[in-house]
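Some notes on the structure that comes next.
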Amino acid sequence: MKKTMLVDCDGVVLNWEYAFDIFMEEHGFKRVEGADYIYNIGERYGIDIQQGKKLIKMFNESAAIGFLPPLRDAVEYVTKMADEGWEFIAITSLSTNKYAQRLRKRNLDKLFGKDTFVKVTCLGTGADKDKALAKYKDSGLYWVEDKVENAFAGKLQ
Numbered sequence: 172m173k174k175t176m177l178v179d180c181d182g183v184v185l186n187w188e189y190a191f192d193i194f195m196e197e198h199g200f201k202r203v204e205g206a207d208y209i210y211n212i213g214e215r216y217g218i219d220i221q222q223g224k225k226l227i228k229m230f231n232e233s234a235a236i237g238f239l240p241p242l243r244d245a246v247e248y249v250t251k252m253a254d255e256g257w258e259f260i261a262i263t264s265l266s267t268n269k270y271a272q273r274l275r276k277r278n279l280d281k282l283f284g285k286d287t288f289v290k291v292t293c294l295g296t297g298a299d300k301d302k303a304l305a306k307y308k309d310s311g312l313y314w315v316e317d318k319v320e321n322a323f324a325g326k327l328q
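If you want this note's numbering, it's the 1-based position in the sequence shown plus 171.
Structure representation (structure tokens):
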């Protein structure tokens, strides 16, 4: 019997932050000194919130999104769990752009194996995950997330 785990992608299994930093540098932006642990992109780069959101969307819909590196030891442990019978369902606030969604699925398949992520649900850039998680209410499935608001959304569902 397969065991299933719900996971976010960026900051959980993929190192979105590393790739986004490179993207920002290529576009002339540098991190504010001491902002390594600040989640808000505007504060992290010293730009206004709207510009930050626009740049995130631009990055998430670029070709770079298909080549994100794994986060730390995610490959080791996700593939180990897959070998032990786990399957993964990704719920990610990436983009509604169909090409970005295809690149996300290909990136996951390339890093973790084709059958490891059995479903990838892509929501709008920065979207809340409440509705996507609601269908798993009372399922007993684990939900792994790096954004506090979405972690609580999973708990409430």
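No residue lacks a Cβ here, since even glycine has one placed at the ideal position from N, Cα and C.
Your pair Lys-174 and Gly-256 checks out as a contact, with CB atoms roughly 6 Å apart and the cut at 8 Å.
When C-beta atoms of the region 244 to 261 are compared with those of the region 219 to 236, fewer than three pairs fall below 8 Å, so the two segments do not count as touching. Every alpha helix (DSSP H) of 4 residues or more that sits fully in the region 284 to 316 is shown, in chain order, as 301 to 305. Straight-line spacing of the CA atoms in Ile-236 and Asp-280 works out to 13 Å. By the neighbour-count criterion, in which a residue is buried when 16 or more other Cβ atoms sit within 10 angstroms of its Cβ, Asn-211 is exposed.
Counting the other Cβ atoms within 10 Å of the Cβ of Ser-310 gives fewer than 16, which makes it exposed. Exclusion of the five residues before and after Val-178 leaves Val-184, Phe-259, Ile-260, Ala-261, Ile-262, Trp-314, Val-315, Glu-316 as the residues of its chain whose Cβ lies within less than 8 Å of its Cβ. Of the candidates Asn-278, Glu-188, Gly-199, the residue whose Cα lies closest to the Cα of Ala-206 is Glu-188. In this structure Phe-288 is buried. Its beta-carbon is surrounded by 16 or more other beta-carbon atoms within 10 angstroms.
One alpha carbon belongs to Leu-304, the other to Val-246, and they sit about 24 Å apart. DSSP places Asp-280 within a helical segment (H, G or I) once states are collapsed to three. Take Glu-232, set aside five residues on each side of it, and the residues of its chain with a beta-carbon closer than 6 Å to its own are Ser-266, Asn-268, Ala-271, in chain order. Burial state of Phe-230 is buried, judged by a 10 Å Cβ sphere holding 16 or more other Cβ atoms. Taken through DSSP and simplified to helix, strand or coil, Ala-234 comes out as helix. By the criterion of a C-beta distance shorter than 8 Å, Ile-227 is surrounded in its chain by Phe-191, Ile-212, Thr-296, Gly-297, once the five residues flanking it on both sides are discounted.
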